[in-house]
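Okay, so the sequence shown: first residue is 301 according to our numbering, each after it adds one.
From the three backbone atoms N, C-alpha and C, an ideal C-beta is built for every residue, glycine too.
Given the structure is predicted, the values throughout are model-derived calculations rather than measurements.
Remarks on the structure that follows.
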Amino acid sequence: MKKISPSILDVPKEKLTEYVTQLITWGVNNVHYDVMDHIFVPNSALTFEEIKKIHVQCPAHIMDIHLMVKDIFKYYEMYKNIGNILTFHYEAMSQNELTELIARAKSDGVKLGIALKPNTPVEEIAPYLKHLDLVLIMSVEPGFGGQKFLDISYDKVKELKRLISKENTNTIIQIDGGVKQENIRYCFDSGVDLAVVGSYLVKNFSLETIENLLKN
301 MKKISPSILD VPKEKLTEYV TQLITWGVNN VHYDVMDHIF VPNSALTFEE IKKIHVQCPA
361 HIMDIHLMVK DIFKYYEMYK NIGNILTFHY EAMSQNELTE LIARAKSDGV KLGIALKPNT
421 PVEEIAPYLK HLDLVLIMSV EPGFGGQKFL DISYDKVKEL KRLISKENTN TIIQIDGGVK
481 QENIRYCFDS GVDLAVVGSY LVKNFSLETI ENLLKN
């Protein structure tokens with residue numbers, strides 16, 4: 301599976317529903333929603349109200365919600381009935397909290413992802429892989445769009461792919477940060493299933509851009 305999940309972090313607020321609707325019209329069925337709390341990362345992004353509006357007004361699609369937040373359970377309860385998959389940061393929680401989060405997601409039937417900052421080794425989440433629907437490798441420091449892709453991410457993806465194969469799970473490998481035409485092929489070749497494309501697509505918004513990203 302080689303797919304993209306466009307991020308709408310850099311889309312003007314007044315054009316969010318229009319942008320998402322156009323993506324779906326072009327055949328993109330997975331959209332990435334960034335949520336920040338100004339605590340875990342020193343920034344803010346989409347609000348609950350904006351994401352709920354998209355959920356109500358836009359055609360059905362996979363709402364891939366990336367929660368860069370410290371209060372895990374508060375945001376889990378907020379988004380569990382809106383997002384198709386909720387991804388939280390490993391660095392934002394203790395092992396006990398992660399165990400509790402996995403239990404809640406299983407009980408509620410919520411798909412769960414875990415994101416890793418660039419300096420967090422993938423080996424740290426190996427014991428949890430069989431419980432995760434997705435692992436997100438951050439190829440930039442979380443919190444801001446438009447950053448340069450970190451090449452160390454390719455090796456992290458390869459190692460994660462090896463661990464997933466060893467555990468014999470169907471965990472999706474996602475990458476996020478600085479992905480564009482020049483590097484997306486290397487992401488897919490390394491083992492990425494789902495590539496988040498943000499500012500590059502916003503700046504080059506067309507069906508042709510999407511098709512070229514997926515040609516690699």
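Environment of residue i [buried if 16+ CB atoms lie within 10 Å]
i: asparagine 330; result: buried
i: isoleucine 473; result: buried
i: histidine 332; result: buried
i: threonine 471; result: buried
i: valine 356; result: exposed
i: phenylalanine 488; result: buried
i: aspartate 451; result: exposed
Distance, residue j Cα to residue i Cα
i: lysine 430; j: serine 465; result: 11 Å
i: serine 506; j: tryptophan 326; result: 9 Å
i: proline 442; j: lysine 515; result: 27 Å
i: aspartate 364; j: asparagine 384; result: 6 Å
i: asparagine 468; j: arginine 462; result: 10 Å
i: glutamate 250; j: serine 453; result: Residue 250 cannot be examined here, being either before or after the span of the chain that is shown, 301 to 516.
i: leucine 346; j: lysine 302; result: 26 Å
i: tyrosine 500; j: alanine 392; result: 28 Å
i: lysine 352; j: lysine 315; result: 15 Å
i: isoleucine 362; j: isoleucine 324; result: 10 Å
i: isoleucine 372; j: proline 306; result: 24 Å
Nearest-angstrom Cβ-Cβ length linking residue i and residue j, presumed shorter than 8 Å
i: histidine 366; j: aspartate 476; result: 7 Å
i: threonine 387; j: alanine 415; result: 5 Å
i: valine 440; j: glycine 478; result: 5 Å
i: leucine 412; j: isoleucine 402; result: 7 Å
i: valine 369; j: phenylalanine 348; result: At roughly 11 Å, the Cβ-Cβ gap does not stay under 8 Å, so valine 369 and phenylalanine 348 are not in contact.
i: valine 320; j: cysteine 358; result: 5 Å
i: valine 457; j: valine 492; result: 6 Å
i: lysine 417; j: methionine 438; result: 5 Å
Simplified DSSP assignment, three categories, for residue i
i: lysine 417; result: coil
i: isoleucine 464; result: helix
i: valine 328; result: coil
i: aspartate 364; result: strand
i: methionine 336; result: strand
i: methionine 438; result: strand
i: aspartate 371; result: coil
i: aspartate 476; result: strand
i: threonine 469; result: coil
i: isoleucine 385; result: strand
Reference residue i; option with closest CA among the options
i: asparagine 343; options: Glu459, Ile484, Leu309; result: Leu309
i: proline 312; options: Glu349, Val502, Tyr486; result: Val502
i: glycine 409; options: Ser490, Glu508, Ile382; result: Ile382
i: aspartate 519; options: Glu350, Lys374, Ser407; result: As displayed, the chain neither begins before 301 nor continues past 516, which places residue 519 out of reach and without an answer.
Chain B contact for residue i (CB, 9 Å cutoff)
i: asparagine 381; result: In the displayed structure, chain B is absent; only one protein chain is listed.
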